[in-house]
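Trainee: Chains as they are written, first to last, in the numbering used here: chain S, 1 to 144; chain W, 1001 to 1273.
I have a structure I would like to understand better, so I am pasting it below and will then ask my questions one at a time.
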Amino acid sequence: METISTNKEKRSTKLRLVLKKQEDWLKKVEEISGQNVFACYQCGKCSAGCPMSAEMDLLPNQVIRLLQLGAVEPLLNCRTIWLCASCFTCTARCPKGVSLTRLMEGVRLAIFRTRKSDEISPKEMVKETLPQIALIGALRKLTA
Amino acid sequence: MEIAYFPGCTLKTTAKKLEDSALAVADALDINLKELPNWTCCGTVYSLAEDDLMRQVAPIRTLARTEALGYSTLTTLCSVCYNTLAQANLFVKADSIRLEKINNFMDEEPDYKGNVEVKHFLTILQELGTEKLKSAVKKDLSGLKVACYYGCLLLRPQSVGIDDCEQPYILENIMQALGTKPVFFPYQVECCGSYHTAVKPEIVARRVYRILENARENGANLVVTSCPLCYFNLKNRQKEIKKLYPGFKPMPIFYFTEIMTDAFGLTKTLENI
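Following this line, the structure appears as C-alpha cells:
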C-alpha cells in the first residue's frame, strides 16, 4: 500500500511540475485575442474540423485546454500554433462562439512580443516563383 | 454605376490571367469597373490582434482613398484582399475610437468615415442575376463537369463571408448559368494550406491531394477557384503531389472567370482539356 501511495504522490508531483501556472501569460493572450478561454467546454469540434490537425503535435482543443490551465510551456515549443493558417473553420463551428483562430494568433503574438525573434527566416523559404501573397502572408504570420 | 476596383499585388503578376479574364467579363456584362489610382498593399493577411492598430493602416488607407474619390463600393478579385479589406472595414466600423486613432495616424490621407462597402466580384455577379449571364453565353459548355473550390477567405469568418460557410452555392450558380455542370464537392471549403506553401510545400501538397482527389471522385473534369493563392497551391503543388503519391493524375485548375470568358466566346482556354 505504501508503495502505491508513494507512486501516486510522485505522479501528482510530476503533473504539477509540468503544468506550471502562468496566468499573466493567459491574460496577455486573452487581451490580444479578445477571447475568453473559459467559455470553451472541450467538445473537440475544433480538432475534428481542423484541416491541419494531421500535421500537428497538439490538437487544437488541447491548445485551449492548456491555456485554461495556465500551462504555457507546452505551447511555447509546439508545432501546432505555427501550423494554424487562420482558416477560421474552428471559429465557424465552435458551439460556444470561441474564436480559436484568434487565440492561436494571440499565442503567436505573445511569443513574438516576448522573445522578439522570428519563427522562420527568408533563407528557409522555397526557391521558386511564388505569388506575393504567399511570401508576404508567410512573413507576416511567422516573423515578429 | 462606376465601381472602384482594387487589384492587389498578385493580380498584376502571377494572377494576371484572373485580372485579364475578369475585366473582360465585366466589359461583356456592362459592369463599370475603374481601377483605383495609387492603390497600395491591402496588408495581405488580416491581423487578428485587437490591440495592434498599426496593422490595420494598410487596408484602411485604401478604404479612405476609395471614399475620398466618391465611391461607395470597392470590389476585389483576390480572396485575400477581399478578406483583409472587409474585416478591417468591420473592425473600424465597430469602434469609432479605433477609427479616429487610425485616421490621426494617417494625417496625410483624407479621414475614413466608414462609408465604403467591400464586395467581392462574385457578389457583384450574383446581384446582376443569372439571367444576364445566361444571355451572354455563346458557347456550349454542357459537357464540362466543374468542381467549385472556395477555400477559406471568401467564406470565413462568417461576418465577411460572401455565402454560407459550409455549403456555399454562389460559384455553382454562376457555373450552372454558363451551362456547365457543377459536381458535388464537399472539400470545396477546406483550407489548401495557404501561405505555408512558401515554407512547407509538402504540407500543402498533402492538403491539395485530398482536395483534388475529392473533386475527381465526384467526376470533375476541372477545378475552378477565385483565389490566386489557392490557384497556385492547387496547380503548382501537383508536382510535389506526384512525388508523394505516384499514382496521382494531373487535374486542370482555372479561375472561374476563365470559364466565363470561354462561355462568352471571348477566349478558347478550355480547348486543350
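Backbone N, C-alpha and C define an ideal beta-carbon position, used for all residues, glycine too.
All values derive from a computational prediction rather than experimental measurement.
1. Within this structure, are the beta carbons of residue 1189 (chain W) and residue 1150 (chain W) separated by less than 8 Å?
2. On the DSSP letters alone, give me the boundaries of the beta strand (DSSP E) that residue 1118 (chain W) sits inside.
3. Compare the C-beta of residue 1158 (chain W) with all C-beta atoms of chain S and state if any pair is closer than 8 Å.
4. DSSP three-state call for residue 1074 (chain W): helix, strand or coil?
5. Verify the CB distance criterion: does residue 130 (chain S) have a CB-CB separation below 8 Å to chain W?
6. For residue 46 (chain S), which three-state DSSP category applies?
7. Return the chain-ordered list of same chain residues with a C-beta closer than 6 Å to the C-beta of residue 1045 (chain W), the five sequence neighbours on each side being excluded.
8. Under a three-way DSSP split, which group does residue 1248 (chain W) fall into?
9. Spatial neighbours of residue 15 (chain S) within its chain, please: CB distance less than 8 Å, with the 5 preceding and 5 following residues excluded, ordered by chain position.
10. Please name the residues in the stretch 1090-1121 of chain W whose beta-carbon is closer than 7 Å to at least one beta-carbon of chain S, in chain order.
11. By DSSP, does residue 1255 (chain W) sit in helix, in strand, or in coil?
12. If you drop the 5 nearest sequence neighbours on each side, which residues of the same chain put their C-beta closer than 7 Å to that of residue 1172 (chain W)?
13. Roughly how many angstroms separate the alpha carbons of residue 1170 (chain W) and residue 1256 (chain W), rounded to a whole number?
14. Counting only beta-carbon atoms, is residue 1 (chain S) nearer than 8 Å to chain W?
15. For the beta strand (DSSP E) containing residue 1224 (chain W), name the first residue and the last one.
16. Exposed or buried, what is residue 52 (chain S) when buried is set at 16 or more other beta-carbons lying within 10 Å of its beta-carbon?
Mentor: Here's the rundown:
1. Locating residue 1189 (chain W) in the second sequence gives position 189, where the first residue counts as 1. Locating residue 1150 (chain W) in the second sequence gives position 150, where the first residue counts as 1. Contact: yes.
2. For the purposes of this step, residue 1118 (chain W) is taken as the residue at position 118 of the second sequence. Run containing residue 1118 (chain W): 1117-1120, per the beta strand (DSSP E) assignment.
3. Counting from one through the second sequence, the residue named residue 1158 (chain W) turns up at place 158. Interface residue, yes.
4. Taking the first residue of the second sequence as 1, we reach residue 1074 (chain W) at position 74. The answer is strand: DSSP assigns residue 1074 (chain W) an E or B state.
5. What you label residue 130 (chain S) is simply residue 130 of the first sequence in a count that begins at 1. Interface residue, yes.
6. By one-based count along the first sequence, residue 46 (chain S) stands at place 46. Helix, per DSSP.
7. Here the question's residue 1045 (chain W) lines up with position 45 in the second sequence. Excluding residues within five positions, none has a Cβ falling inside 6 Å.
8. For this step, residue 1248 (chain W) is matched to residue 248 along the second sequence. Coil at residue 1248 (chain W), not helix or strand.
9. Position 15 of the first sequence, counted from the first residue, corresponds to residue 15 (chain S). Residue confidence for residue 15 (chain S) is low, a pLDDT of 48 falling below 50, so the modelled location carries little weight; the figure read from the coordinates is stated next. None.
10. none
11. In the second sequence, residue 1255 (chain W) corresponds to position 255, counting from 1. If DSSP states are grouped into helix, strand and coil, residue 1255 (chain W) belongs with the strands.
12. Your numbering for residue 1172 (chain W) matches position 172 in the second sequence. Excluding residues within five positions, the ones whose Cβ falls inside 7 Å are 1148, 1182.
13. For the purposes of this step, residue 1170 (chain W) is taken as the residue at position 170 of the second sequence. For the purposes of this step, residue 1256 (chain W) is taken as the residue at position 256 of the second sequence. If I take the Cα positions, the gap works out to 11 Å.
14. Mapped onto the first sequence, residue 1 (chain S) falls at position 1. Since pLDDT at residue 1 (chain S) reaches only 41, below the 50 mark, its modelled position is unreliable, and the value read off the structure follows with that caveat. No, residue 1 (chain S) lies away from the interface with chain W (no Cβ there is under 8 Å from its Cβ).
15. Residue mapping note: residue 1224 (chain W) aligns to position 224 of the second sequence, counting from 1. 1222-1225 is the extent of the beta strand (DSSP E) around residue 1224 (chain W).
16. If you number the first sequence from 1, residue 52 (chain S) lands on position 52. Buried, because 16 or more other Cβ atoms sit within 10 Å of the Cβ of residue 52 (chain S).
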